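Participant:
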Amino acid sequence: MTSETDLVDAARRLFGGLQALFDAAVLAVAQRCSAGPGRLDASALDAAQGVSYELAWASAELLAAQTVLQAPAAAGLDRALALLFATEAMRSVQSRLDAVAIDADLDAAPLRAWAADPQWPALRRAVAGPAALTAATRALAAAESDIGPVTVSEEVAMARDAFRRFGADVVAPLAAEIHAQDLTIPETILGPLREMGVFGLSIPQEYGGSAPGHHDDTAMMIAVTEALSEASLGAAGSLITRPEILSRALLAGGTEEQKQAFLPKIAAGEPLCAIAMTEPDHGSDVASLALKATRVEGGWRLDGAKTWCTFAGKAGLLMVVARTNPDKAAGYKGLSILLVEKPSTEAHAFDVQPEAGGRLRGRAIPTIGYRGMHSYELAFEDFFVPDSHVLGGEAGLGKGFYFNMAGMVGGRMQTSARATGVMRAALKEALRYTQDRKVFGQPLIDFPLTQARLAQMAARLAACRQTAYAVGNRLEAADGRIEAAQIKLLACRSAELLTRDALQLHGGMGYAEETPVSRYFVDARVLSIFEGAEETLALKVIARGLFEKALA
9 MTSETDLVDA ARRLFGGLQA LFDAAVLAVA QRCSAGPGRL DASALDAAQG
59 VSYELAWASA ELLAAQTVLQ APAAAGLDRA LALLFATEAM RSVQSRLDAV
109 AIDADLDAAP LRAWAADPQW PALRRAVAGP AALTAATRAL AAAESDIGPV
159 TVSEEVAMAR DAFRRFGADV VAPLAAEIHA QDLTIPETIL GPLREMGVFG
209 LSIPQEYGGS APGHHDDTAM MIAVTEALSE ASLGAAGSLI TRPEILSRAL
259 LAGGTEEQKQ AFLPKIAAGE PLCAIAMTEP DHGSDVASLA LKATRVEGGW
309 RLDGAKTWCT FAGKAGLLMV VARTNPDKAA GYKGLSILLV EKPSTEAHAF
359 DVQPEAGGRL RGRAIPTIGY RGMHSYELAF EDFFVPDSHV LGGEAGLGKG
409 FYFNMAGMVG GRMQTSARAT GVMRAALKEA LRYTQDRKVF GQPLIDFPLT
459 QARLAQMAAR LAACRQTAYA VGNRLEAADG RIEAAQIKLL ACRSAELLTR
509 DALQLHGGMG YAEETPVSRY FVDARVLSIF EGAEETLALK VIARGLFEKA
559 LA
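According to the working numbering, the sequence shown is numbered sequentially starting from 9.
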């Protein structure tokens, strides 16, 4: 294999063979977990958590590898990074399938035959060997264009560039202080973002937003989120998530009166929003949520606790998932969404006692990173919410889980974009530092191990970025629930790995709080936890979805 075309052809052929082996493994495990036509056995799924987790991760890596291998023909650095990622992804999937074969007692002979293909080591030498990594890093250092270029409309490109400028000029200079002093995002950031329409990206124009009425503008949301997250995850990049989730839930289940009342205000950024779903004893187990809503004359009384409610202090509107059916056996079918209005505050603690009665107390949870928005513990005590604020009205009772899930798909896509923005910032810092820093008389970037690390970082960023946009485009035409979970899984872990490598390349300076990469590292760590912890996504969304599809 000497030409780029030969390398691409070989990679695609090897990928096809590995995909077939993956599909066979998924079917074999699915059949063992089957409880009859169209049904999966819960106890069998629990027993298969180990292999399910590996298969979920393998599916995410295969999705990204397929995306970069099927992308329109590119040359030079873009093609080199695509081949590097695809090869690294196939190596990882091979290892995961080997573990699945051992743990599930499957026939490993087909996988060994695939690995024995002489084109496999040849491909790895050609695209991931020292010479290839050196060439890729030199091209990377000289590149002035985006890593992992994507095709977007002129409107999206203009918005992306505008928000990148705003991020660089306004957000980035404040990010270190916000993190170091644990401040709330100031109005110097929020005010201009309101004017730029950032809170209405997922809201149709008829309700005061900027999204086309006939479809979501997912590419715009991804581009803007990525640009702001590059400047700072905690001070700007996460601002869109909560209005994204709440507006989609309103559009999915709200009455027309509720849409007219709330959506224009959300689009204007007044009030800001927060999502109160997680509870101290339940985490991602939504079906077991216990915050009690008791019906009273004219509305409901809330009693119980929520935790990890991000931006609850500054927010004036909380989307609260509560149990309106007291029968715990109802599970997720007993949940509803109540819209709670409260005063906005920048304080790290608040105590709200409205005229209608009851009390709502909040306390910010100290965290190692992701500062600026703050996540709160909430305690509701006999807190009154009028009937008009039950999402969907009487018809919406018991449907809160479904309305929430309508928002979570978009939230996961938005989180993928947050991850790529943080990765982009970390890679830029690593490239700058390794070119400036001299070790033993020569720039750090000249050492082969540094080159290998930088090339692999860039390949991972490019693949996650291109896959996020590709999945976003699919959401316009189909459900895309599993694909959104897959790219969220991969991009968030990738952000953690890439920022770790960027910090490591800085040596001791990477551990200093004055260095941006230290903030990128602690901020990135939260991405694999919220909007669906990676274990929950892998087992309950991705693996289960794969098994159901295999048995269909």
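Each residue gets a CB set at the ideal place from its N, CA and C atoms; glycine is no exception.
Please read these numbers as outputs of a predicted model, since none were measured by experiment.
Going by C-alpha distance, which of Ala64, Ala151, Ala38 is nearest Ala493?
Facilitator: Reading the sequence shown from its first residue, position 485 is the one you call residue 493. That would be Ala64, whose Cα lies nearest to the Cα of Ala493.
Participant: Measuring straight from C-alpha to C-alpha, what distance separates Met381 and Ser67?
Facilitator: Here the question's residue 381 lines up with position 373 in the sequence shown. Here the question's residue 67 lines up with position 59 in the sequence shown. Their backbone Cα atoms lie some 33 Å apart in a straight line.
Participant: Following a CB-centred definition, is Glu504 positioned closer than 7 Å to any heavy atom of the ligand COA?
Facilitator: No copy of the ligand COA occurs in the structure displayed, which carries no ligand at all.
Participant: Taking only runs that begin and end inside the region 410 to 484, name each unbroken beta strand (DSSP E) of 3 or more residues, in chain order.
Facilitator: Counting only runs of 3 or more, we get nothing.
Participant: Using 8 Å as the threshold, is the region 160 to 179 in touch with the region 228 to 239, meaning 3 or more CB pairs across them?
Facilitator: The answer is yes - the region 228 to 239 touches the region 160 to 179, with three or more Cβ pairs under 8 Å.
Participant: Where does Lys300 fall in DSSP's three states?
Facilitator: To locate residue 300, count along the sequence shown from 1; it is residue 292. Lys300 falls in the strand class under three-state DSSP.
Participant: Would a C-beta distance cut-off of 8 Å place Leu297 and Glu305 closer than the cut-off?
Facilitator: As a first step, residue 297 must be located in the sequence shown, where it is residue number 289. As a first step, residue 305 must be located in the sequence shown, where it is residue number 297. For Leu297 and Glu305, no; Cβs fall outside 8 Å.
Participant: Work out the CA separation of Val479 and Leu191 for me, nearest whole Å.
Facilitator: Here residue 191 refers to the residue found at position 183 of the sequence shown. Here residue 479 refers to the residue found at position 471 of the sequence shown. Distance between the alpha carbons of Leu191 and Val479: 35 Å.
Participant: Helix, strand or coil for Leu92 per DSSP?
Facilitator: Taking the first residue of the sequence shown as 1, we reach residue 92 at position 84. Leu92: helix per DSSP, three-state reduction.
Participant: DSSP state of Leu114, grouped into three classes?
Facilitator: For this step, residue 114 is matched to residue 106 along the sequence shown. It is coil, neither helix nor strand.
Participant: Take Ala90 and list the residues in its own chain whose beta-carbon comes closer than 6 Å to its own, dropping the five residues that flank it on each side.
Facilitator: Indexing the sequence shown from 1 puts residue 90 at position 82. If we look at Ala90 and ignore the five residues flanking it on each side, its Cβ neighbours are Val76.
Participant: Is it right to say Arg150 is buried, meaning 16 or more other beta carbons lie within 10 angstroms of its own, or is it exposed?
Facilitator: Counted from its first residue, the sequence shown places residue 150 at position 142. Position check: residue 150 holds Ala in this sequence, whereas Arg was assumed. When all chains shown are included, Ala150 counts as exposed.
Participant: What residue ranges within the region 216 to 278 form continuous alpha helix (DSSP H) runs of no fewer than 4 residues, ordered along the chain?
Facilitator: Counting only runs of 4 or more, we get 226 to 239, 249 to 261, 264 to 276.
Participant: Which of the three DSSP states, helix, strand or coil, is assigned to Met204?
Facilitator: Within the sequence shown, the letter at position 196 stands for residue 204. Correct three-state label for Met204: coil.
Participant: Identify every residue that forms a DSSP beta bridge with Met327.
Facilitator: The sequence position of residue 327 within the sequence shown is 319, counting from 1. Ile283, Leu347.
Participant: The beta strand (DSSP E) that contains Pro394, what's its start and end?
Facilitator: Residue 394 sits at position 386 when you count from the first residue of the sequence shown. 383 to 394 is the span of the beta strand (DSSP E), which, as asked, contains Pro394.
Participant: Cα separation between Ser344 and Phe23?
Facilitator: Numbered from 1 along the sequence shown, position 336 holds the residue referred to as residue 344. Numbered from 1 along the sequence shown, position 15 holds the residue referred to as residue 23. Cα to Cα, the separation comes out at about 44 Å.
Participant: State buried or exposed for Ile155, treating a residue as buried only when at least 16 other CB atoms are found within 10 Å of its CB.
Facilitator: Here the question's residue 155 lines up with position 147 in the sequence shown. Classification for Ile155: buried.
Participant: Can you list, in chain order, the residues of its chain whose CB lies under 6 Å from that of Thr507, leaving out five sequence neighbours each side?
Facilitator: As a working note, residue 507 is residue 499 in the sequence shown. Around Thr507: Ala434, Tyr528, Phe529, Ala532.
Participant: Ala239 to Cys500, Cα distance in whole Å?
Facilitator: Counting from one through the sequence shown, the residue named residue 239 turns up at place 231. Counting from one through the sequence shown, the residue named residue 500 turns up at place 492. Taking the straight line from one Cα to the other gives about 17 Å.
Participant: Applying the 10 Å Cβ sphere with the 16-neighbour rule, what's the burial state of Phe270?
Facilitator: For this step, residue 270 is matched to residue 262 along the sequence shown. The residue in question, Phe270, is buried, as its Cβ has 16 or more Cβ neighbours within 10 Å.
Participant: Okay, do the region 534 to 543 and the region 442 to 460 touch, 3+ Cβ pairs below 8 Å being the bar?
Facilitator: No, because fewer than three Cβ pairs between the region 534 to 543 and the region 442 to 460 fall closer than 8 Å, the two stretches do not touch.
Participant: Would you list the residues sitting across from Leu48 in a DSSP beta bridge?
Facilitator: Residue numbering aside, residue 48 sits at position 40 when the sequence shown is read from its first letter. The partner list for Leu48 (beta bridge, DSSP) reads Ser42.
Participant: Which class does Val2 belong to by DSSP, given the choice of helix, strand or coil?
Facilitator: Outside the modelled stretch of the chain, which goes from 9 to 560, sits residue 2, for which no answer is possible.
Participant: For Gln39, count neighbouring C-beta atoms within 10 Å of its own C-beta (all shown protein chains included) and say buried if the count is 16 or more, exposed if not.
Facilitator: On the sequence shown, residue 39 is found 31 positions in, with the first residue counted as 1. Counting Cβ neighbours within 10 Å, Gln39 comes out exposed, since fewer than 16 surround it.
Participant: Name, in chain order, the residues that DSSP records as bridge partners for Asp311.
Facilitator: Indexing the sequence shown from 1 puts residue 311 at position 303. Note: Asp311 sits in a beta bridge opposite Lys300.
Participant: How many whole angstroms separate the CB atoms of Gly199 and Ser210, which I take to be in contact at a CB cut-off of 8 Å?
Facilitator: Taking the sequence shown and counting its residues from 1, one reaches residue 199 at position 191. Taking the sequence shown and counting its residues from 1, one reaches residue 210 at position 202. Going by Cβ atoms, the distance from Gly199 to Ser210 rounds to 21 Å, so no, they are not a contact pair.
Participant: List the residues that DSSP assigns as beta-bridge partners of Gly370.
Facilitator: In the sequence shown, residue 370 corresponds to position 362, counting from 1. Note: Gly370 sits in a beta bridge opposite Phe358, Leu386.
Participant: Spatial neighbours of Leu368 within its chain, please: CB distance less than 6 Å, with the 5 preceding and 5 following residues excluded, ordered by chain position.
Facilitator: Reading the sequence shown from its first residue, position 360 is the one you call residue 368. Correct list, in chain order: Val360, Phe388, Phe391.
Participant: Can you tell me whether DSSP reads Thr332 as helix, strand or coil?
Facilitator: Translated into the one-based positions of the sequence shown, residue 332 becomes position 324. DSSP places Thr332 in coil when its eight states are reduced to three.
Participant: I believe Leu535 touches Arg426 by the beta-carbon criterion, under 8 Å. Please report the beta-carbon distance rounded to the nearest angstrom.
Facilitator: Position 527 of the sequence shown holds residue 535. Position 418 of the sequence shown holds residue 426. Confirmed, about 6 Å.
Participant: Just to confirm before moving on: does the CB-CB distance between Ala466 and Leu148 stay below 8 Å?
Facilitator: Numbered from 1 along the sequence shown, position 458 holds the residue referred to as residue 466. Numbered from 1 along the sequence shown, position 140 holds the residue referred to as residue 148. A contact, by the Cβ cut-off of 8 Å.
Participant: When the Cα atoms are used, what is the spatial distance from Ala109 to Ala50?
Facilitator: Here residue 109 is taken as the residue at index 101 of the sequence shown, counted from 1. Here residue 50 is taken as the residue at index 42 of the sequence shown, counted from 1. Between Ala109 and Ala50, the C-alpha separation is close to 21 Å.
Participant: Among Leu483, Lys548, Ile186, Ile274, which residue has its Cα nearest to the Cα of Ile376?
Facilitator: Translated into the one-based positions of the sequence shown, residue 376 becomes position 368. That would be Ile186, whose Cα lies nearest to the Cα of Ile376.
Participant: Enumerated in chain order, which unbroken segments of the alpha helix (DSSP H) with a length of 4 residues or greater are wholly contained in the region 100 to 184?
Facilitator: Counting only runs of 4 or more, we get 117 to 123, 127 to 136, 138 to 150, 162 to 174.
Participant: Among Arg132, Ala476, Ile537, which residue has its Cα nearest to the Cα of Arg99?
Facilitator: If you number the sequence shown from 1, residue 99 lands on position 91. It is Arg132.
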